[in-house]
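Please read the structure below before turning to the comments.
Residue numbers (the working numbering): 8 to 253.
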């Protein structure tokens, strides 16, 4: 899918864009997840093992080898404000993940996996290299997070029985441990073994805001916001690093 290929009729197929692959991935993820629970048609989600292959190696900004920071694409403060205004006008839940990434340098998966318990701790979890790191953030982000938490409390009352709760279960297979996350209506009881989890980045109805939906909104923003034609979520991580070095 990434590199294209030959069709059965002898014609060639061009490479599929990353955007389309992310959409296919999101559909399959949710479909298999639904088949696991509540349908219980299969015992595990095979999409847990599927990774999108990129042509470039992702750099870790917390590693000792920083490389050439000047060559890394970033966005200006003015462009970030324009992006914020666009998302605020849309009242889109991708706003909070983008704000968190801009002020902390976290990856999209790390941002969407943050819980309110993490915000109260010094350690936010393991990096790819299994090193625990502490992430400090400014008063601006602190105010944003406090406002988001208040809004989530209000939404919980507004939606009532239609509000959705998030649950997770630890799955162990051979030497591998991963977590399955499910969103269920407030009135539906979670199955045995699933624990409720309070994510920071939520949609208004309480469902978790996922990396795939945030990425889709980023692609829309780069088409609509002037000066963001080359924007992607990981650019926020680059920008954070650049701001630290400036």
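Here a beta-carbon is modelled for each residue, glycine too, at the ideal position from N, C-alpha and C.
If you're wondering where the values come from, they're calculated on a predicted model, not measured in any experiment.
Start and end residues, beta strand (DSSP E) containing residue i
i: residue 184; result: 183-192
i: residue 232; result: Premise fails: residue 232 is in no beta strand (DSSP E) and is neither H nor E.
i: residue 178; result: 171-180
Contact check, residue i vs residue j, beta carbons under 7 Å
i: residue 52; j: residue 43; result: yes
i: residue 203; j: residue 252; result: no
i: residue 227; j: residue 238; result: no
i: residue 185; j: residue 175; result: no
i: residue 87; j: residue 110; result: no
i: residue 24; j: residue 11; result: no
i: residue 1; j: residue 222; result: Not covered by the structure: residue 1. The range shown for the chain is 8 to 253.
i: residue 225; j: residue 206; result: no
i: residue 233; j: residue 193; result: no
i: residue 159; j: residue 191; result: no
Continuous alpha helix (DSSP H) stretch holding residue i: start and end
i: residue 167; result: No alpha helix (DSSP H) contains residue 167, which DSSP labels as neither H nor E.
i: residue 244; result: 241-252
i: residue 17; result: Here residue 17 belongs to no alpha helix (DSSP H), and DSSP marks it neither H nor E.
i: residue 46; result: Careful: residue 46 lies outside any alpha helix (DSSP H) and carries neither H nor E.
i: residue 110; result: 102-111
i: residue 88; result: 84-97
i: residue 119; result: 115-120
i: residue 126; result: 123-126
Other residues of its chain near residue i: CB distance less than 7 Å, five sequence neighbours each side excluded
i: residue 242; result: 80, 81 and 82
i: residue 195; result: none
i: residue 84; result: none
i: residue 75; result: Its pLDDT being 48, under 50, residue 75 is placed unreliably in this model, and the value from its coordinates should be taken loosely. Around residue 75: no qualifying Cβ.
Supposed contact pair residue j and residue i - C-beta distance, whole angstroms, cut 8 Å
i: residue 112; j: residue 248; result: 6 Å
i: residue 235; j: residue 90; result: 6 Å
i: residue 215; j: residue 188; result: 7 Å
i: residue 211; j: residue 100; result: 7 Å
i: residue 166; j: residue 213; result: 7 Å
Cut-off 6 Å between Cβ atoms - residues of its own chain near residue i, not counting five sequence neighbours on either side
i: residue 163; result: 170
i: residue 40; result: 52
Chain-order list of residues whose beta-carbon lies under 8 Å from that of residue i (same chain, five-residue window excluded)
i: residue 244; result: 68, 108, 112, 113 and 114
i: residue 57; result: 32 and 35
i: residue 148; result: 106, 107, 110 and 111
Closer than 8 Å is the cut-off here; do at least three beta carbon pairs connect the segment 116-127 with the segment 98-107? Yes: at least three Cβ pairs fall under 8 Å.
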